[in-house]
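When we follow the numbering used here, the leftmost residue of the sequence shown carries the number 778, and every step to the right adds one. All C-beta atoms, glycine included, are put in the ideal place defined by N, C-alpha and C. To keep things clear, I will list the structure first and then write my remarks on it.
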Amino acid sequence: MRLNKGLMISAIAAVSVLALSGCTDSSEPEAAPEVKATVEFEAGTTMAELNEAGKIVIGTKFDQPLFGLKGTGDPEGFDVEIGKIIAAELGIPADGIEWTETVSANREPFIQNGQVDLVVATYTINDKRKEVIDFAGPYYTAGQDLLVLAGTDDISGPDDLADKTVCTVTGSTSFTNISAYPTARIIEAGTYSECLEPLRTGEADAVTTDNVILAGLAAQNEGEFEVVGNPFTEEPYVIGIAKYDQAFRDFINDTLEAAYDDGRWADAWEATAGAVLDTPEPPAVDRY
Ligand code: GLU
């Protein structure tokens, strides 16, 4: 994995920080994904239902710069763009998307009870989650890392946390993963942005989650924090959908592969996370 520009937080141009402020809609990608004018789907499929309705409900994060950050308008970020690509392929324009905030702990229940049609929210697939949802992708692979106050020199990985307090989020793989390491205390928050104040005040010595989420938070608060840059897990990001909807899974996987091939995926990255991070290679989708 190449995590790169995100680790050179001090070098981030002021313009990126403005784009990350969440206060404007100015960081919209220049061209919205082209909406399929006429698409025909087999009757009775989720695709046909959504296309007919002209609407889709997508769960994403609202407080994660680079991936899903909501200011006054619609949320912005790479996950949001992936959602728009899928919607466009269903014949649904961006204004037909209802964005619902999903935090780490409510993604499976929101999918299971039909509150959302799909979730694109820095969502790692793992065996436990696979028991209750299905997924398409992955469309990106992150790695868990640590965020510390700028200038911290005694934390370079999870093995340095034995006498430290770490903040992370309930219901995340970050929480499960860090629990395997000795720590003095784990503070559980509802979202990663809620971990920043404990880090500022010294109540927490580190925040832990995926490197790209931490890179976004560091860029949003320029000069205050730094990502340690030593990822210790693999976090394949997927699109969560209801279980047993094979046709919808295939459709989303086909859409992702087409977006890899024709440049929409890379364009989406460059217009969002690309403000801070180099463009990676897309991972192969998992056709299970
Ligand atoms: N990707 C991890 C997860 O799905 C951590 C980030 C998050 O909580 O969204 O649990």
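Our two residues, Gly-860 and Leu-938, have alpha carbons roughly 36 Å apart in a direct line. The beta strand (DSSP E) runs lying completely inside the segment 815-883 and spanning 3 residues or more are 833-837 and 874-878, given in chain order.
When the beta-carbon positions are compared, Val-1015 and Pro-935 stay at least 8 Å from each other. For the set Glu-885, Leu-843 and Ile-874, the Cα lying nearest the Cα of Asp-851 is the one of Ile-874. Secondary structure at Glu-974: helix, using DSSP grouped into helix, strand and coil.
Membership of Gly-993 in the alpha helix (DSSP H) is indicated by the continuous run 988-997. The alpha carbon of Thr-985 has as its nearest neighbour, out of Ser-956, Gly-854 and Asp-930, the alpha carbon of Ser-956.
Per DSSP, the unbroken beta strand (DSSP E) holding Ala-919 starts and ends at 911-919. Between the alpha carbons of Thr-950 and Gln-921 lies a distance of about 9 Å. Remark: C-beta atoms of Glu-878 and Phe-839 approach each other more closely than 8 Å.
When rounded, the separation of the alpha-carbon atoms in Tyr-1021 and Asp-911 is 7 Å.
Separation of Asp-931 and Gln-889 (C-alpha to C-alpha, rounded to the nearest whole angstrom) is 43 Å. Selection Val-1062, Asn-954 and Glu-980 evaluated against Ile-964 yields Glu-980 as nearest (Cα-Cα).
Scanning its chain for C-beta atoms nearer than 8 Å, with the 5 sequence neighbours on each side dropped, one finds around Arg-1026 the residues Asp-911, Phe-912, Ala-913 and Ile-1018, in chain order. Contact check for Asp-987 and Ala-1045: beta-carbon distance about 18 Å, past the 8 Å limit, so the pair fails to qualify.
In this model, Glu-817 and Leu-867 are separated by some 9 Å (Cα to Cα).
In the structure shown, the three-state DSSP call for Ala-983 is strand. Taking the Cα positions, Thr-837 is about 29 Å away from Arg-962. Its Cα nearest to that of Gly-845, the residue Val-897 stands out among Pro-810, Val-1005, Pro-870 and Val-897. Between Ala-864 and Ile-833, the CB-CB gap stays under 8 Å. Apart from sequence neighbours up to five positions away, the residues of its chain that approach Pro-810 with a beta-carbon distance below 7 Å are Lys-861, Ile-862, Ala-865 and Arg-1041, ordered along the chain. For a cut-off of 8 Å, the C-beta gap from Val-925 to Ala-983 is around 5 Å, short enough to register as a contact. Partner residues in a beta bridge of Ile-1029, as assigned by DSSP, do not exist. Proximity to Glu-999 across Ala-927, Thr-823 and Val-1062 peaks at Ala-927, based on C-alpha coordinates. Boundaries of the alpha helix (DSSP H) around Ala-1045: 1041-1047.
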